[in-house]
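If you're matching positions, the sequence shown starts at 247 in this note's numbering and goes up one per residue.
Backbone N, C-alpha and C define an ideal beta-carbon position, used for all residues, glycine too.
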Amino acid sequence: MEKYNHKYGAEQIQVLEGLEAVRKRPGMYIGSTSVRGLHHMVYEIVDNCVDEALAGYCTEINVVIEPGNIISVEDNGRGIPVEIHPKTKISTAETVYTVLHAGGKFGGDSGYKVSGGLHGVGASVVNALSQWTEVTIRRDGGLYQMYFEKGKTVKKLEKIGDAKGTGTKVRFLADDTIFESLNYEYETLEKRFREMAFLTKGLKITIEDKREETPKKAEFCFEGGLISFVEFLNKNKEKLHKTPIYIEKNGDIPVEIAIQYTSSYSENIYTFVNNINTIEGGTHLEGFKRSLTKVFNDYARSHNFLKEKDNNLQGEDIREGITAVVSVKVKEPQFEGQTKTKLGNSEVTGVVQSMVNEALSTFLEENPSVAKAILEKCISASRAREAARKARELVRKKNALETSTLPGKLADCSSKNADECEVYIVEGDSAGGSAKQGRDRKFQAILPLWGKMLNVEKARADKIYGNDKLNPVILAVGAGIGADFDITKIRYGKVIIMADADVDGAHIRTLLLTFFFRYMRPLIENGNVYLAQPPLYKLSKKGMEDVYCYTDEDLEKAYKELEEKGITRDQLGVQRYKGLGEMNPEQLWETTMNPETRTLIKVTMDDAIKADEIFTLLMGDEVEPRREFIQANAKYVKNLDI
Ligand code: 0R9
């Protein structure tokens, strides 16, 4: 690309300093330089297209991962304005790509930007953090193009031909000197775009991965919007009513909600503000929960489901088995909380609450059979809660009689400072034995689990308290479960699941993750749950230090590196670890438990949701999806357990 020579004026120098700041502190603008931040680059660009769709001008967005990890995003909106901007004296399009936060500031008449990634910083940040960016615009019958390198204009916007229709296409290559890796995960992008399509009724989003010989692609367009979202989330669950309850109001704060009850015992409420997933909830969730509790209690009283002597149903009773998506649009959202995903705007609570009060009570009056099915479940949940309280009391009394409230199998650590303490939940007694001997007993505790675990999908809280497999986990963590869970009481800052790298290990991991997701969710949200990574292989040779490999790719890499040192494959002894129990205490310490050398994977809500989905599928009542999943995944099983 030929360099474009032009002199910088005072405005432009300020611009370059702005983008230089982005390159100096990328984390501040894009969250992180890990693969998460890399994906945010794509979301930032796609968010601009969604804004155009929300303004009513764009119906289709096409995303392509091109070979070499180049991202291409195209929309069929109005096209970014091309005329010279009166303030910057350069084209509006170049302004948007070179001035920090310009998209919002220079936006034309719409002035109502609601979509937005976690950081909402826009095109100029993506431009600053890319090796190159190419922007092509179709507008007013012309085809325009401009080109940047590391945020600097290399080729100013110029008309390069004629064009039919309107739209914007952006291609960029993220800067590999800034991001840890440029390897986009197709599945992550696919999931996000599916979610975006659910949240913007009728908008078509396509994604295609052209990096492999056989490209992967998907197309999302949901005329049902949130109704389709809830149906998707419940696809493997037994529903209590056929069609989701749908509530929509387009006032000053537009609110859209879909609700469907299932026979499961879990509560799944997903909330969004301006299409951003508010994982930590906030005022919109608060308003929704308050209204649910009030409306169902009022209905239960007025229709004799609750007698005068009966206590009111509690919120948790009413939310058992619920799947709901709550989406609000707020002009100036305030995000709070640890991950800045909690809505703080207090005015939203009342708006959501009064809207749901009205719409839901009308729905229940008009659909008495649905109301009956839901209320019967709520009442049985309230009975189970009472039974759980009694079971909990029993466990507490029993523990008070015993000398210690900690489970017998737990080898605790000596430190009582939760921040530095960690508990390894280990599958099997023999691995537990090695872990106990190998650990640093000052800050590492070991809790061996054995035998068949309880299927949490088919059990309520009353069955979990007192269950001989899960109760030790509850007691060891020390913070209760369900509505009683109190994160300030956790006894360990890290709860580490250490299971074999085989099918049984995967099963126990899924079971425990699902249990944490359903009954100790703040533990995951707070980032306290980890997966240990035991090695899969050991390469050894006399006179050479053992080499541990954690994946098949690691093994190939190690072979290559050793070959470069003159050590051939047939000179090496290869041990494939079938289970943790095969490692002696020293090996287990060195490879999996020593904080200096181990690799821990922090479990995110995404992982837990995936575990929950798989678990619902494998353990739930619906047979057909389970059969489909097993058939589709049977081919992978041999790779899991060689
Ligand atoms: C492929 C990625 N697409 C975009 O980034 C994109 C931005 C954009 C846009 C407008 C239309 N389509 C777009 N696609 C637009 C917005 C407005 C007026 N005309 C066109 C407006 O906001 O009023 N723009 C986003 C910001 C800007 N345009 C603006 F600041 F230049 F106006």
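*How would you call Lys740, buried or exposed, if buried means at least 16 neighbouring beta carbons within 10 angstroms?*
Numbered from 1 along the sequence shown, position 494 holds the residue referred to as residue 740. Under this definition Lys740 is a buried residue.
*Run through the segment 519-583 for me and flag every whole beta strand (DSSP E) of 3 or more residues, listed as ranges in chain order.*
568-574
_Inside the segment 254-340 only - alpha helix (DSSP H) runs reaching at least 4 residues_ = 256-270, 272-276 and 281-300
_For Arg822, list the residues DSSP reports as bridge partners._
Your numbering for residue 822 matches position 576 in the sequence shown. Its beta-bridge partners are Tyr783.
_Residue span of the beta strand (DSSP E) that contains Asp686, given as start and end_ = Taking the first residue of the sequence shown as position 1, residue 686 is located at position 440. Asp686 -> no beta strand (DSSP E), and no H or E assigned at all.
*Within its chain, find whatever has a CB closer than 6 Å to the CB of Gly366; leave out the 5 residues flanking it on each side and keep chain order.*
By 1-based counting over the sequence shown, the position of residue 366 is 120. Confidence is the limiting factor: at Gly366 the pLDDT is only 44, short of 50, which leaves the residue's position unreliable and the question unanswerable from this model.
*Out of Ile453, Ile503 and Leu300, which has the shortest C-alpha to C-alpha gap to Lys463?*
As a working mapping, residue 463 is identified with position 217 in the sequence shown. Selected option, being the one with the closest Cα: Ile453.
*What do you reckon, is the C-beta of Lys415 under 7 Å from a heavy atom of ligand 1?*
The residue given as residue 415 occupies position 169 in the sequence shown. Yes, the beta carbon of Lys415 sits closer than 7 Å to at least one heavy atom of ligand 1.
*Can you give me the start and stop residues for the alpha helix (DSSP H) that Lys447 sits inside?*
Within the sequence shown, residue 447 is the residue found at index 201, counting from 1. No alpha helix (DSSP H) holds Lys447; DSSP gives it neither H nor E.
_I need the DSSP call for Cys795, collapsed to helix, strand or coil._
One-based indexing of the sequence shown puts residue 795 at position 549. DSSP places Cys795 in strand when its eight states are reduced to three.
*asked:* Cutting at 6 Å between CB atoms, please list the residues of its own chain near Gly812, excluding the five before and the five after it.
replied: Residue numbering aside, residue 812 sits at position 566 when the sequence shown is read from its first letter. So the list is empty, once near-sequence residues are dropped.
*asked:* Which runs of the beta strand (DSSP E) at least 3 residues long sit entirely within the segment 481-513? Give them in chain order.
replied: 491-495 and 501-507
_Quick check: does the Cβ of Val319 come within less than 7 Å of any heavy atom belonging to ligand 3?_
In the structure shown, ligand 3 is absent; the only ligands present are ligand 1.
*asked:* Could you tell me the alpha carbon to alpha carbon distance between Glu593 and Val574, rounded to whole angstroms?
replied: The sequence position of residue 593 within the sequence shown is 347, counting from 1. The sequence position of residue 574 within the sequence shown is 328, counting from 1. Rounded to the nearest angstrom, the two C-alpha atoms are 12 Å apart.
*For Thr524, is the classification buried or exposed, using 16 other Cβ atoms within 10 angstroms of its Cβ as the cut-off for buried?*
Your numbering for residue 524 matches position 278 in the sequence shown. Thr524 comes out buried.
_Alpha-carbon spacing of Phe352 relative to Lys485, whole angstroms_ = Looking up residue 352 in the sequence shown gives position 106. Looking up residue 485 in the sequence shown gives position 239. Per-residue confidence for Phe352 stands at a pLDDT of 49, beneath the threshold of 50, marking its modelled position as unreliable; the derived number appears in the next sentence. Taking the Cα positions, Phe352 is about 48 Å away from Lys485.
*Within its chain, find whatever has a CB closer than 8 Å to the CB of Arg687; leave out the 5 residues flanking it on each side and keep chain order.*
Reading the sequence shown from its first residue, position 441 is the one you call residue 687. Excluding positions up to five away in sequence, the list reads Ala657, Cys659 and Ser660.
_If contacts are defined as beta-carbon pairs under 8 Å, then Val541 and Leu610 qualify, I think. What distance do you get, rounded to the angstrom?_
Numbered from 1 along the sequence shown, position 295 holds the residue referred to as residue 541. Numbered from 1 along the sequence shown, position 364 holds the residue referred to as residue 610. The pair is a contact, with the Cβ atoms about 7 Å apart (cut-off 8 Å).
*Of the listed residues Val719, Val616, Glu494 and Glu612, nearest to Lys447 (C-alpha basis)*: Counted from its first residue, the sequence shown places residue 447 at position 201. Nearest of Val719, Val616, Glu494 and Glu612 to Lys447, Cα basis: Glu494.
_Output needed for Lys704: all residues of its chain with C-beta closer than 6 Å, excluding positions within five of it in sequence on either side, in chain order._
On the sequence shown, position 458 is the one that residue 704 refers to. Cβ within range, chain order: n/a, list empty.
*asked:* Any heavy atom of ligand 1 inside 7 Å of the beta-carbon of Pro327?
replied: Here residue 327 is taken as the residue at index 81 of the sequence shown, counted from 1. Yes, the beta carbon of Pro327 sits closer than 7 Å to at least one heavy atom of ligand 1.
_Closer than 7 Å: Glu380 CB and nearest ligand 1 heavy atom_ = Counting from one through the sequence shown, the residue named residue 380 turns up at place 134. For ligand 1, not one heavy atom lies less than 7 Å from the Cβ of Glu380.
*Could you give the DSSP three-state label for Gly679: helix, strand or coil?*
For this step, residue 679 is matched to residue 433 along the sequence shown. Gly679 falls in the helix class under three-state DSSP.
_Closest by C-alpha distance to Ile515, when choosing among Thr399, Cys304, Pro461 and Gly567_ = Locating residue 515 in the sequence shown gives position 269, where the first residue counts as 1. Comparing Cα-Cα distances from Ile515 to each of Thr399, Cys304, Pro461 and Gly567, the minimum goes to Gly567.
*Give the straight-line distance between the Cα atoms of Val719 and Thr845, rounded to the nearest whole angstrom.*
Mapped onto the sequence shown, residue 719 falls at position 473. Mapped onto the sequence shown, residue 845 falls at position 599. Those two C-alpha atoms are separated by around 23 Å.
_Asn521, buried or exposed, once every other Cβ within 10 Å from all chains shown has been counted against 16_ = Position 275 of the sequence shown, counted from the start, is the residue given in the question as residue 521. Buried, since its Cβ has 16 or more Cβ neighbours within 10 Å.
_Backbone secondary structure at Met601 - three-state DSSP_ = Taking the first residue of the sequence shown as position 1, residue 601 is located at position 355. Correct three-state label for Met601: helix.
_Taking 7 Å as the limit between beta carbons, can you name the residues of its chain near Asp746, skipping five residues before and five after?_
Along the sequence shown, one-based indexing puts residue 746 at 500. Same-chain partners within the cutoff: Glu673, Gly825 and Leu826.
*Output the boundary residues of the beta strand (DSSP E) element that contains Ile406.*
Taking the sequence shown and counting its residues from 1, one reaches residue 406 at position 160. Taken as a continuous stretch (DSSP letters only), the beta strand (DSSP E) holding Ile406 covers Lys398 to Asp408.
*Mapping DSSP to helix, strand and coil, what is Lys662?*
As a first step, residue 662 is located in the sequence shown; it is residue number 416 there, counting from the start. Lys662 falls in the coil class under three-state DSSP.
*For Val345 versus Thr338, is the C-beta distance shorter than 8 Å?*
One-based indexing of the sequence shown puts residue 345 at position 99. One-based indexing of the sequence shown puts residue 338 at position 92. For Val345 and Thr338, no; Cβs fall outside 8 Å.
*Would the C-beta of Arg324 count as close to ligand 1, meaning under 7 Å from any of its heavy atoms?*
Taking the first residue of the sequence shown as 1, we reach residue 324 at position 78. Checking every heavy atom of ligand 1 against the Cβ of Arg324, one is found closer than 7 Å.
*Is Ile564 near Thr539, with beta carbons less than 8 Å apart?*
Working through the sequence shown from its first residue, we reach residue 564 at position 318. Working through the sequence shown from its first residue, we reach residue 539 at position 293. Against a cut-off of 8 Å, the Cβ pair of Thr539 and Ile564 comes out as a contact.
*By how many angstroms is the C-alpha of Phe466 removed from the C-alpha of Glu870?*
Residue numbering aside, residue 870 sits at position 624 when the sequence shown is read from its first letter. Residue numbering aside, residue 466 sits at position 220 when the sequence shown is read from its first letter. Taking the straight line from one Cα to the other gives about 24 Å.
*With a 10 Å radius around its C-beta and 16 neighbouring C-beta atoms as the bar for buried, classify Val597 as buried or exposed.*
Position 351 of the sequence shown holds residue 597. It is buried - the Cβ of Val597 has at least 16 other Cβ atoms within 10 Å.
*With Arg737 and Cys667 assumed to form a contact (beta carbons below 8 Å), what rounded beta-carbon distance in angstroms separates them?*
Position 491 of the sequence shown, counted from the first residue, corresponds to residue 737. Position 421 of the sequence shown, counted from the first residue, corresponds to residue 667. Indeed, because the Cβ distance is near 7 Å, the residues count as touching under 8 Å.
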